Every structure is written in C-alpha cells, then in structure tokens.
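Some notes on the structure that comes next.
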Amino acid sequence: MNIIEARGLWKEYGCDTVLEDVYLSVAPGDFVTVVGASGCGKSTFLRMLLGEETPTRGQLRLDGAPMPDEPGPDRGVVFQRYSVFPHLTALGNVLLAEELARAPLIARLLGRPRRDALARAREMLERVGLTNAAHKYPSQLSGGMQQRLAIAQALMKNPRVLLLDEPFGALDPGIRKDMHALILELWERLDITIFMVTHDLKEGFDLGTRLLVFDKVRHDPHAPGAYGATITYDIPLEHGARAAERLPASVRSELSSTPDEESA
Amino acid sequence: MKRLINQRPGRVLGSTLALLPFALVLLAYVAASAARLADNPDDKLLPSLMTMADALVRLATEPSRRTGEILLWADTAASLARLLTGVAISMMLALAVGTATGLIPYLRRTLSPFLAALAMIPPLAILPILFIAFGVGELSKVVLIVFGILPFMMRDLQQRVEEIPGEQIVKAQTLGGSTWQILLRVAIPQTLPRLFDATRLSLGAAWLFLIAAEAIAAEQGLGYRIFLVRRYLDMQTILPYVAWITLLAFTLNGLLRRLNYWLFPWYATGRAK
Ligand SMILES: Nc1ncnc2c1ncn2[C@@H]1O[C@H](COP(=O)(O)OP(=O)(O)O)[C@@H](O)[C@H]1O
Ligand SMILES: [Mg+2]
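In the order they appear, the protein sequences are chains A and B. Numbers 5 to 268, taken from the numbering used here, label the letters of the first sequence in order. Numbers 651 to 923, taken from the numbering used here, label the letters of the second sequence in order.
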C-alpha cells in the first residue's frame, strides 16, 4: 500500500493558486526528492504532508487514512533553520522526544526511566556523530552539526515518513557531502520513507530514488497567481546512476542552482 | 584621524568617562551648597555632604525615639517586602498568562482585547479604589504594583511566545508533544529569560507605584519617610534616602541581569550570534 497518496490536490490562498491538480503515490521506503523554482509551492506541499496546512481541494492520504490535520509523531521533520530547541543541549534536544512520550504530565523523566532514555538519546547522538557535542547548546554548534542534531531528534520517534525542507540549503558544499552520506546511511538502515525538498538539482539526483519536479504548466502574464504548480516530471532513479539526462536541457539549466558542482 | 564612530575608549579611560558625569553633578552640588551655606548657615535646602553623612549615620544606627526601630532599615525592609511581593506575583502571573495566551489562539482571542483595555487604565487613578477595596494596609500597595506592571509584562511575554519560530512548535508536535507539554517544555523555558528582562524593565515603574502608594497611606517605608519629612524641608534626610533608593534599584537591576546570565547560559550565547 502507498504510504502517501495525493489525488487531485489543490492549494489556494485567497485567489492565488499555489498548487493545482497534484497526483502522487509514494511507496514505503522511497526516497523522494523534490525540486522546483523558488516560490512554486514545494514547502506548501510539505506543510500539507505535515498536517500544518490543509488542501483546499482533493484528497491526501497517509497509510490509506486521511491525512491528520495537525503534525504528529508519525511524520518527522527537519527544516532549513529553527529545527532544534535553543534552550536545550544537544542531549536534551534528543532526550525531549522520550520525555514527551513517557511523561505526559510533567514532560520530564526521573530515575530509572530517565537513565534508559538517556542511553537511547546518547546512542542516537552517536549515530549522527555528535557524541562529543552532547552537552553543547545549539548556538555553540556549527550549522551542519545543528542539522545532524535535528535529524537525530526527528528519528527518535521512529517516524513513518521523514520530511526534509531544504535541510542542507544553508550548509557549505563540503559539509553538505557529509550530510548526504549520513542521510543515505540512515535511510538505508532504518528503512524509512524520506520526502526531501531541495533547490539543488544534483542533490536531488544523488539522493533520491525518485525525483519530482514542481512547475507551472499554465501561465497568465497578467495574473501570476492565477495558475498553480503541479508535478511536471516524476523520474525514477537508481542510486548512483546519472539520470539528469532524462530531463530536457531547458529544465536542467533552469533548476540547476550549482552547475559547477558537477565537476567538483 | 579615524572617524568618531570608529574610536573607542580603552578600559581606564572608559571607566573615567563613565564616572565623569557623576563627579560633575556632585561638584555642582557641593559648590551650590557651599554658596548657599555661606549666605545663610541655617539654610536647609542644600545641606552640605557632611551634614547629610551625619544624618545618614543617625538614620542607619540610632533607634527612633518613637518606635525604638532603626528608621532606615525598618523603612527599607517594609518597602522591599512590598516591592518584591508585587514583583514576584507579577512575574508568576505574567509567565502563566503570557505564555498561555501566546501559545493558545482561543485564549489569546478571549483575553487579548480585555488585557489591552486593562493596560490603558492609569494605575494611580484606581489607587483610591484599591484603598477602599483592600484597606490602607500592605495588600493595596502590592496590588497597585501588580496592576501597574503586570499588563506590560504579560503582553511582552505573549509577544515573545508568538515570536518563537513556527518551525519549533511544529517540531515539538512531531515529537508527540501535547499543548500542555509544549507549554511546559518549549514556551515557558524559552520565555523565562525574557521574563527576567521584562521584570528589569518594569522595576522603575514598580518603584514609582510603591512610593506613590507609600506617600499616600503608610506607617513605614522609604516613600513614606520622604514624604513625611518633606513637611519640615528635611533635605538632609530626603537626599540620602533618594540616593539609597537609587542604589537599591540599581542593585536589583544588576542582580536580575546576573541571574539571567547564570540561569540561562543558552540565552546569552544564542543572542551573541
Ligand atoms: N500562508 C500563506 N498565505 C499566502 N500565501 C502563501 C502562504 N504560504 C505560502 N504562500 C505562497 O505560496 C507560494 C509558494 O510558497 P512555498 O511553498 O514556500 O514555495 P517554495 O517552493 O519556495 O517552498 C509563494 O508564492 C508564497 O507566497
Ligand atoms: Mg520553501
């Protein structure tokens, strides 16, 4: 069964149409990458998967059931910024997931349950390579480390789907490479479904098992908001294969924000 | 020669410059006082520093003939008790109400206009009502302080909660947090340092309302004393009292600042970025 299923999905803000007639089926275990021009509605689509926004028309289903209309632990998320809590140390950030689950009233664990949760949290930090930063606050971490922490925190809940909105967009190219290795390793090991928005076409091709392109099919030069974007390309990828050739050159040049990285 | 905006004083020069205005005011006072006393040795308006020092020592060491208490300390204790009670109550209420209205849209819609209207009432205008309702004892003074500073603090905290990036609130929900848990573990801890900041900014107003209430009805207190001895033009008591109140306010301010720094190390480092 499909884990995510969109049928004839529309999203309008007033008379601005952002997304129109989106059809999509995502199988469990897919690594879906999403590219598209800035402002075309990628984040809006992600927010609908989160339950933060509701579609104005059409159906959105998660595991066969209607998408819950608020965020929940079955869908983890990492944004480009502000994904971790500044007032908690790295360990505290990861531990919070356990505390929220097991202490509904005081949201804190004491004694033995706390020790167990700490062990889990440390294990998760180790998995993303943050063992030495456990007691640092996010403001003391580099951008890459903060995103590692955000991923670790999201994975604590064993979500069905991990939603990533340009998670590495603010990072240096070298660090971005490390992050790619990390996310691929976690994806393979945890058998999780990933839905990742990126503005870097190469990143989309390198990471995904499937690449979606969001774009407008119709344009009205006098009313830019009249028509919305939809999925114009849906390309199955094999990992490691160069599949960029399957996109027309015009689309490639339009989306490629970092063309010189090909040679790097 | 560098532009003025690029020139910075060193440590020693900086401290000297900071002291300069104080020294100038003191000097001006001493000169004016000496001039008046030379004209009329019995002048009460600008007593000499020596006279004031004598008065201060008397106030701080000799028991009063009427009550047997040492006036300065008794007044200070009475005033600080009122001030700190009012401020502490305001802090707790502001934190509870401000974070809740900031986080929960239904509460915000219900309470925001009401609280905004409440904040428009000049606190001193309702002082007579407080005296009638709560008597002229401690309660009415504490209530006046709370009424005077709570609306600002509450609204400040509400705004701080609203400023928490939406991403964090969403993230907390994806970690399974309930409204109550998010209030407890995200909204409150992140606004606590702001609470201390808001309190610091409210201290001036708190002192104002305290002294106003004490001036009108009290048997003790720093404000009460100043307004009592005003009748005798007793500048040698008033001026040291004012200096003492200023020192207390200054210390409280610094203490809150320090507390913020100690309790919330993430706050200072996060803001420095
Ligand atoms: N809450 C909102 N109200 C009105 N317009 C919005 C809202 N959120 C997004 N939009 C509009 O929707 C369009 C798509 O935004 P977004 O999904 O963030 O694009 P991107 O593909 O860059 O992530 C933008 O034109 C934006 O102005
Ligand atoms: Mg976006």
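A virtual CB, placed ideally from N, CA and C, is assigned to each residue, including glycine. Treat the numbers as computed from the prediction; the structure is a model and nothing was measured.
Show which residues of chain B have a CB atom less than 9 angstroms away from the CB atom of G148/A.
Here the premise fails: no neighbours, minimum Cβ distance about 16 angstroms.
Evaluate S665/B with the Cβ neighbour count: other Cβ atoms within 10 Å of its Cβ, from every protein chain shown; 16 or more gives buried, anything less gives exposed.
exposed
Chain B contacts made by the stretch 77-95 of chain A, where a contact means CB separation under 9 angstroms:
P77, D78, R79, G80, V81, V82, F83, Q84, R85, Y86, S87, V88, F89, P90, H91, L92, T93
Quick one: is Y237/A near chain B, going by C-beta distance under 8 angstroms?
No, no contact with chain B.
State yes or no: is the C-beta of E192/A nearer than 7 angstroms to some heavy atom of ligand 2?
no
Does the beta carbon of Q840/B sit closer than 8 angstroms to a beta carbon anywhere in chain A?
Residue contact with chain A for Q840/B: present (Cβ-Cβ distance below 8 angstroms to some residue of chain A).
What residues in the stretch 813-825 of chain B have a beta carbon less than 7 angstroms from any beta carbon of chain A?
P815, E817, Q818, V820, K821, Q823, T824, L825
Applying a beta-carbon distance threshold of less than 7 angstroms, which residues of chain B neighbour L100/A?
L825, R835
Is it right to say D264/A is buried, meaning 16 or more other beta carbons lie within 10 angstroms of its own, or is it exposed?
Note that D264/A has pLDDT 43, beneath the 50 cutoff, so the model's placement of it is unreliable and no number is given.
Determine which residues of the stretch 136-168 of chain A have a Cβ less than 9 angstroms from any Cβ of chain B, and write them out in chain order.
The stretch 136-168 of chain A vs chain B, Cβ under 9 angstroms: Y141, P142, S143, Q144, A154, Q157, A158, M160, K161, P163, L167.
Grab me the residues of T829/B's own chain with a C-beta within less than 8 angstroms of its C-beta, minus the 5 sequence neighbours each way, in chain order.
L753, I754
Using a Cβ-Cβ distance under 8 angstroms, would Q831/B count as near chain A?
Chain A, which has a Cβ nearer than 8 angstroms to the Cβ of Q831/B, makes this yes.
Below 7 angstroms, is the gap between the Cβ of D25/A and the nearest heavy atom of ligand 2?
no
For P75/A, decide whether its Cβ has a neighbour in chain B, counting only Cβ atoms nearer than 8 angstroms.
Under the Cβ distance rule, P75/A counts among the residues neighbouring chain B, one pair being separated by less than 8 angstroms.
If you count every other CB in all the chains shown that lies within 10 Å of the CB of L695/B, and 16 or more means buried, which is it?
The residue in question, L695/B, is exposed, as its Cβ has fewer than 16 Cβ neighbours within 10 Å.
Taking Cβ-Cβ distances shorter than 9 angstroms, what residues in chain A pair up with S790/B?
Within chain A, no residue comes near S790/B; the closest Cβ sits about 37 angstroms away, beyond 9 angstroms.
Please state whether DSSP places R124/A in a helix, a strand or coil.
It is helical.
Whole beta strand (DSSP E) elements within the stretch 93-155 of chain A, 3-residue minimum:
None, since the stretch 93-155 of chain A contains no complete beta strand (DSSP E) of that length.
I need the DSSP call for P763/B, collapsed to helix, strand or coil.
helix
As a quick exercise: from L794/B, R805/B, G660/B, pick the residue whose alpha carbon is nearest that of A746/B.
R805/B
Closer than 7 angstroms: T21/A CB and nearest ligand 1 heavy atom:
no
DSSP three-state label for W916/B, please.
Three-state DSSP puts W916/B in a helix.
Using the C-alpha atoms, what's the distance from E130/A back to I155/A?
A direct Cα-Cα distance of roughly 12 angstroms separates I155/A from E130/A.
Given 8 angstroms as the limit, is there contact between the stretch 831-844 of chain B and the stretch 678-691 of chain B, that is, 3 or more CB pairs closer than that?
At 8 angstroms Cβ cutoff, the stretches do not touch.
Which chain A residues sit within Cβ distance under 7 angstroms of W916/B?
P90, H91, Y141, S143
Closest Cβ-Cβ distance between L113/A and chain B: below 8 angstroms?
no
When we look at the beta-carbon of Q151/A and count the other beta-carbons within 10 Å, is it buried (16 or more) or exposed?
Q151/A counts as buried, since at least 16 other C-beta atoms from the protein chains shown sit within 10 angstroms of its C-beta.
Beta-carbon proximity list for Q84/A, same chain, < 7 angstroms, skipping 5 on both sides
Counting only Cβ-Cβ distances below 7 angstroms, and skipping sequence neighbours, we find D169, E170, P171, G173, A174.
Closest residue to C19/A among P177/A, A227/A, L186/A, A233/A (Cα-Cα distance):
The residue with the shortest Cα to Cα distance from C19/A is A227/A.
Compare the C-beta of L104/A with all C-beta atoms of chain B and state if any pair is closer than 8 angstroms.
yes
Would you say P108/A faces chain B, with C-beta separation under 8 angstroms as the test?
Contact with chain B is found for P108/A, since one of that chain's Cβ atoms lies less than 8 angstroms from the residue's Cβ.
Does the beta carbon of T919/B come closer than 8 angstroms to any beta carbon on chain A?
Closer than 8 angstroms to some Cβ of chain A, the Cβ of T919/B qualifies, so yes.
Counting only the same chain and skipping the five closest in sequence on each side, list residues whose C-beta sits under 8 angstroms from that of W857/B.
L733, I895, A899
Who pairs with L167/A in a beta bridge, going by DSSP?
V81/A, F199/A
As a quick exercise: from T749/B, A863/B, S740/B, L730/B, pick the residue whose alpha carbon is nearest that of L902/B.
L730/B
How is L872/B classed by DSSP in three states: helix, strand or coil?
Residue state, collapsed to three classes: helix.
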